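In order, the protein sequences belong to chains U and G.
Count the first sequence with the numbering used here and you get residues 1 to 217, in order.
Count the second sequence with the numbering used here and you get residues 1 to 59, in order.
Even for Gly, the Cβ is constructed at its ideal location relative to N, Cα and C.
In this text, all values refer to a predicted model and were calculated from it rather than measured experimentally.
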Amino acid sequence: MPTYLAMLAAIYAAFLYAPTEMVMGDVQRIFYFHVSAAIVSFAVFIGVFLGGIGYLVTRNRFWDSLAASSVDVGLFLTAIVLTTGPIWSKPAWNVWLKWDDPRVLTELILLVICVAYVILRAAFPEGHKKYAVCAVFGIIGALDVPIIYMSVHWWNTFHPVVITMSEVKLDPMMQQAGLVALGAFLLLASVLLLQRISIRMHNMITKDLLKHLREQE
Amino acid sequence: MGYLVAAYTVIWTLLFIFLLLIQRRQQRVQSELEAILKKIKSETNDPDPSSGSSQASLE
Numbered sequence: 001m002p003t004y005l006a007m008l009a010a011i012y013a014a015f016l017y018a019p020t021e022m023v024m025g026d027v028q029r030i031f032y033f034h035v036s037a038a039i040v041s042f043a044v045f046i047g048v049f050l051g052g053i054g055y056l057v058t059r060n061r062f063w064d065s066l067a068a069s070s071v072d073v074g075l076f077l078t079a080i081v082l083t084t085g086p087i088w089s090k091p092a093w094n095v096w097l098k099w100d101d102p103r104v105l106t107e108l109i110l111l112v113i114c115v116a117y118v119i120l121r122a123a124f125p126e127g128h129k130k131y132a133v134c135a136v137f138g139i140i141g142a143l144d145v146p147i148i149y150m151s152v153h154w155w156n157t158f159h160p161v162v163i164t165m166s167e168v169k170l171d172p173m174m175q176q177a178g179l180v181a182l183g184a185f186l187l188l189a190s191v192l193l194l195q196r197i198s199i200r201m202h203n204m205i206t207k208d209l210l211k212h213l214r215e216q217e
Numbered sequence: 001m002g003y004l005v006a007a008y009t010v011i012w013t014l015l016f017i018f019l020l021l022i023q024r025r026q027q028r029v030q031s032e033l034e035a036i037l038k039k040i041k042s043e044t045n046d047p048d049p050s051s052g053s054s055q056a057s058l059e
């Protein structure tokens, strides 16, 4: 319920509370969900990194579930970023996608890493080897996140830099709307992540039970 | 305005697909659990597998 309310608040903030941007007009309102999804996806990939390290150190399946579930949620958020980006880019800069833009390219690499992780997970039979390979792959994949963040500082980019660690170049009302959307996305991602972890853990227990029952026969 | 609508339609569609996938996985786990309960039931001839006797046989 709090997630529904938060998402409703985010819609209100993005569409009604935030003022219309003078140059781009209403299409700028894509910003609130696009940027929130991007920031939260970065946070989610910390889960992939920690889950991978945690599994390799402890061999506890919880950490594997955390990493795999984080990839699922991260894939969903990255898909939002990469679809809303071009839809915003076309009316604002008259181009769908600039493939040579470092921010777009590194974000696209993250999406490919997520898809590769899911395929890799499906290809291996259950067991330590699968979890260990996925943990290593996830750790390497998560290293793309700081590269995405720094890409606009390291290379020449077409992508606008509105938010940095030190400043936010936005109207105060737009900042507030952005914060509401960010909070809503954080809540949504947390709920989805907890749900995925819970299903994975239950799935693991039922599989172990079934195996145990078959062995008894 | 069309682009704005398109962007938010994509966001809600992706969220709907993600929730649908979660629901399908949850159903799969549920059906596996039901299969386990059925198996325990048939092995113990216990009408209520969650009662003490079937739990004891599992142990």
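- Inclusion of Val40 of chain U and Phe185 of chain U in the CB contact set at 7 Å is warranted, their separation being smaller than that value.
- Against Leu210 of chain U, the close residues of chain G are Glu32, Ala35, Ile36 and Lys39, in the order they occur along the chain (beta-carbon pairs closer than 9 Å).
- Check the Cα spacing between Trp93 of chain U and each of U:Gly54, U:Gly183, U:His159 and U:Leu8: the tightest is with U:His159.
- Beyond the five residues adjoining it in sequence on each side, Leu188 of chain U comes within less than 6 Å, by CB distance, of Thr3 in the same chain, given in chain order.
- For the C-beta of Leu14 of chain G, the chain U residues within less than 8 Å are, from N- to C-terminus, Phe76, Ala79, Ile80 and Thr83.
- Contact with chain G is absent for Thr58 of chain U, since none of that chain's Cβ atoms lies less than 7 Å from the residue's Cβ.
- Taking Arg28 of chain G as reference, the option from U:Asn203, U:Thr20, U:Phe15 and U:Leu209 with the minimal CA-CA separation is U:Asn203.
- Leu193 of chain U is outside the set of residues whose beta carbon lies under 7 Å from a beta carbon in chain G.
- Taking C-beta atoms under 8 Å as the contact rule, Ala37 of chain U and Leu77 of chain U qualify, at a distance of about 5 Å.
- Secondary structure note for Asn203 of chain U: its alpha helix (DSSP H) is the uninterrupted segment Pro172 to Gln216.
- Between the region 94 to 104 of chain U and the region 56 to 72 of chain U there are fewer than three inter-stretch CB-CB distances shorter than 8 Å, so the stretches are not counted as touching.
- Excluding five sequence positions before and after Val136 of chain U, the CB atoms of its chain that fall closer than 8 Å to its own CB belong to Gly52 and Leu56, given in chain order.
- About 5 Å separates the beta carbon of Phe42 of chain U from that of Val145 of chain U, a gap short enough to meet the 8 Å contact definition.
- In the three-state reduction of the DSSP assignment, Glu34 of chain G falls in the helix class.
- Under DSSP, no beta-bridge partner is assigned to Glu107 of chain U.
- Proximity of Phe45 of chain U to chain G, defined by a Cβ-Cβ separation below 7 Å, is not satisfied.
- Under DSSP, Gly51 of chain U forms no beta bridge with any residue.
- The C-beta of Leu20 of chain G comes no closer than 7 Å to any C-beta of chain U.
- The closest CA to that of Leu110 of chain U, considering only U:Ile139, U:Gln176, U:Leu5 and U:Gln216, is found on U:Ile139.
- Glu21 of chain U sits in a strand when the DSSP states are folded into three classes.
- For Met7 of chain U, the enclosing alpha helix (DSSP H) covers residues Pro2 to Tyr12.
- Residues of chain G whose Cβ lies closer than 9 Å to the Cβ of Trp88 of chain U are, in chain order, Tyr3, Leu4 and Ala7.
- In this structure, the straight-line span from the alpha carbon of Ala6 of chain U to that of Gly183 of chain U is close to 7 Å.
- By a beta-carbon distance limit of 8 Å, Gly141 of chain U does not contact Ile119 of chain U. Their separation comes to about 13 Å.
- For Thr157 of chain U, there is no enclosing alpha helix (DSSP H), since its DSSP letter is neither H nor E.
- Judged by DSSP in its simplified three-state form, Gly127 of chain U adopts coil rather than helix or strand.
- For the C-beta of Arg25 of chain G, the chain U residues within less than 7 Å are, from N- to C-terminus, Ile199.
- At a cut-off of 7 Å, the C-beta of Pro102 of chain U has no neighbouring C-beta in chain G.
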